[in-house]
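Quick note on numbering: numbering that gives the first Met the number 0 labels position 392 of the sequence shown as 391, and the sequence is numbered without any gaps.
Backbone N, C-alpha and C fix where the C-beta goes; we use that ideal spot for every residue, glycine too.
What follows is a set of notes on a single structure, which appears directly below.
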Amino acid sequence: MAGKRKLSENICGAAGFILLGAVFIIDLQTEVGITDGLLYTGVLFLFLAVSNLRVIALAGILAILLDITGFLISPREPSQHLQDVSIINHAFSVGILVVCALLILRFRMSVTVLRSKMQELKDFKYALDEAAVVAITDKQGTLLKINDKFCEISKYTREELLGRKHTVVNCGEHAERFIQQLDKAVDEKRPLKGEFVNRAKDGSYYWVDTTVVPFINEDGEVYQYVAIGTDVTVRKQIEEQVIRQKQELEKFLYISSHDLQEPLRKIQSFISLIMEKEEYHLPNAVQQYLKKVSEAAKNIRSLIRGLVTYADFNKSVYELEPTDLAEITEKVKAELHDVIEEKHATVQYFGNCRPTVNHFQFYQLILNLVSNALKFSHPKIPPRIIIKCRVEKGQGLPDNQLSPDLNYCHITVQDNGIGFAAKDKDKIFQIFSTLHAKEKYAGTGMGLAIVKRIVDNHKGIIVASGELKKGATFDIYIPAPEMAAVKQVNKLTRLTG
């Protein structure tokens with residue numbers, strides 16, 4: 000199509016220049032008293048078919064020059080009156096040529112812009128039709144236009160849908176509250192966005208994430224609706240599958256935390272009884288075997304408790320309150336008193352920030368970090384664990400994931416233990432991940448995974464850094480918007496006080 004249009008333009012342009020030359024020859028053959036300027040104007044109209052503005056401008060200038068040249072070199076009438084008339088006529092024709100050339104240029108520019116906009120709209124429509132389900136209805140909900148995607152997802156033909164109510168694909172599965180919201184949006188003449196479940200022609204269900212936009216006329220009345228949606232059926236199916244799997248996992252964890260732990264507890268109890276009553280009758284090898292069985296049962300119970308805790312912390316945080324980390328640190332020290340005494344460890348807290356967090360979850364966070372530091376300490380060096388908490392501006396903090404305009408409660412837990420290699424700074428947060436042999440450092444690989452989950456629940460960030468044999472540092476950043484508000488109020492108070 001474009002090739003034919005280009006060929007047509009070339010033919011019109013060539014014919015126009017040839018005719019301009021022919022008119023000039025005719026002009027030279029007539030006496031100066033007779034004007035042929037209007038013939039040039041007629042020829043210029045051929046260039047309406049030419050889109051190249053330079054060619055149109057060249058044709059206009061050429062027509063004007065030829066008209067003037069024809070006036071100067073054409074034969075002269077002896078009558079002075081006819082010569083005066085000829086001058087007026089040629090001046091008029093030159094003016095007409097100038098206006099005609101400008102109008103043709105303006106017309107072609109408008110056509111070019113219009114074609115560009117139409118092509119742009121065509122491209123947008125093509126992209127929209129490829130990506131979205133589109134339907135246009137009148138104010139009563141009668142389908143006026145639909146695209147191929149609508150037919151494809153609903154499994155109806157265009158002929159079966161046009162002229163019918165949009166309710167032809169409704170399945171009646173939406174809750175009453177959703178329908179009320181829909182009716183309210185219609186009454187208020189405002190756009191509505193939501194996920195609609197519909198029924199296809201074959202009876203199957205499909206989901207569309209749709210935005211319905213009302214078109215309003217000059218009288219303020221809705222005359223049609225345009226609905227643009229995206230097929231989200233696969234996502235909804237995956238979500239339903241995830242919900243089912245989550246429910247199954249919760250059932251499994253319930254069984255794990257109750258039914259499985261009881262036999263493990265009995266195994267440990269019976270082994271302890273055997274060791275107490277038959278200590279002098281059992282060979283040393285059998286006693287060692289029983290100890291290993293008891294230790295294995297203990298590890299399995301610890302792993303089950305870790306899994307249950309991790310699953311519980313996978314849920315969203317609802318109860319947030321300003322929390323004193325100094326108080327939590329003291330509770331953790333009391334919980335780990337025996338280990339701290341055994342290893343001659345010191346646990347210190349410095350800070351004045353009260354982060355708004357879930358108290359129980361942050362108790363578990365500090366407990367896991369301190370337990371981790373005690374576990375991975377040097378055998379001959381007393382552990383020293385320092386916990387700091389302070390408010391800092393995101394702009395001055397190192398992690399590029401932080402917002403520069405937001406205040407953060409920056410919590411640091413630092414130890415002097417065995418540390419870890421820089422390449423493992425992300426691996427240590429993975430569930431069941433351990434960097435050391437279990438024979439040397441017992442553990443389930445759940446502690447830091449739980450810490451990471453708690454930080455994520457609070458929309459925060461945790462960064463680990465360390466060096467082998469020189470200790471580890473955990474930096475936690477929890478958004479503190481309330482602190483930002485307090486600081487702003489204090490600033491305003493100082494300015495106006």
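- Taking C-alpha positions only, Gly59 is separated from Lys121 by approximately 33 Å.
- Per DSSP, reduced to three states, the secondary structure at Lys188 is coil, with no helix or strand assignment.
- Between the alpha carbons of Lys116 and Arg4 lies a distance of about 18 Å.
- Residue environment analysis places Pro282 among the exposed positions, since fewer than 16 neighbouring C-beta atoms fall within 10 angstroms of its C-beta.
- Here Pro378 is exposed. Its C-beta has fewer than 16 other C-beta atoms within 10 Å.
- Take the alpha-carbon of Asn88 and the one of Asp66: they are about 11 Å apart.
- Counting every other CB atom within 10 Å of its CB across the protein chains shown gives Gly350 a total of 16 or more, marking it as buried.
- When rounded, the separation of the alpha-carbon atoms in Leu18 and Phe46 is 12 Å.
- Separation of the CB atoms of Ala134 and Phe149 is rounded to 5 Å, and the pair is thereby assigned contact status at 8 Å.
- For Glu194, DSSP records a beta bridge to Asp208.
- Taking 8 Å as the cut-off, the beta carbon of Leu368 is found closer than this to the beta carbon of Val412.
- Excluding five sequence positions before and after Glu391, the CB atoms of its chain that fall closer than 6 Å to its own CB belong to Tyr407, His409, given in chain order.
- Burial check for Leu96: the Cβ neighbour count within 10 Å reaches 16 or more, so the residue is buried.
- Taking C-alpha positions only, Phe269 is separated from His336 by approximately 29 Å.
- A distance of 8 Å or more separates the beta carbons of Ile427 and Phe375.
- Around the Cβ of Gly94, a 10 Å sphere holds fewer than 16 other Cβ atoms; the residue is exposed.
- A buried status is given to Pro478, since no fewer than 16 other beta-carbon atoms sit within 10 Å of its beta-carbon.
- Asp208 and Ala131 have their C-alpha atoms some 10 Å from each other.
- Listed as beta-bridge partners of Thr229 by DSSP are Asp208.
- The segment 343-361 and the segment 322-329 touch, with no fewer than 3 CB-CB distances between them shorter than 8 Å.
- Residues Ile417, Gly418, Phe419, Ala420 of the same chain have their beta carbon placed closer than 8 Å to that of Leu467, with the five preceding and five following residues left out of the count.
- Of all alpha-carbon atoms in Val42, Val211, Glu294, the one lying nearest the alpha-carbon of Lys183 is that of Val211.
- Counting only runs of 3+ residues, the beta strand (DSSP E) found wholly inside the segment 118-144 occupies 132-137, in chain order.
- Rounded to the nearest whole angstrom, the C-alpha separation of Gln179 and Arg198 is 20 Å.
- Approximately 6 Å separates the beta-carbon atoms of Leu289 and Ile273; this is inside 8 Å, confirming the contact.
- DSSP, read as helix, strand or coil, puts Lys164 in strand.
- Comparing C-alpha distances from Leu319 to each of Val356, Thr345, Tyr348, Val338 shows the shortest one belongs to Val356.
- Secondary structure of Ala420 (DSSP, three-state): coil.
- The beta carbons of Tyr222 and Lys138 sit about 6 Å from each other, so the pair counts as a contact at 8 Å.
- Counting along the chain, Cys388 sits inside the beta strand (DSSP E) bounded by residues 383-392.
- Assignment of Thr345 by DSSP, reduced to helix, strand and coil, places it in the strand class.
- Judged by beta-carbon spacing, Lys424 lies within the 8 Å limit of Ser464, meaning their Cβ atoms are closer than that value.
- For Gly393, the CB contacts under 6 Å within the same chain, skipping 5 residues up- and downstream, are Leu401, Ser402, Pro403, Leu405, Tyr407 in chain order.
- In the three-state DSSP reduction, Cys408 falls in the strand class (E or B).
- Note that the C-beta distance between Gly12 and Val42 is not below 8 Å.
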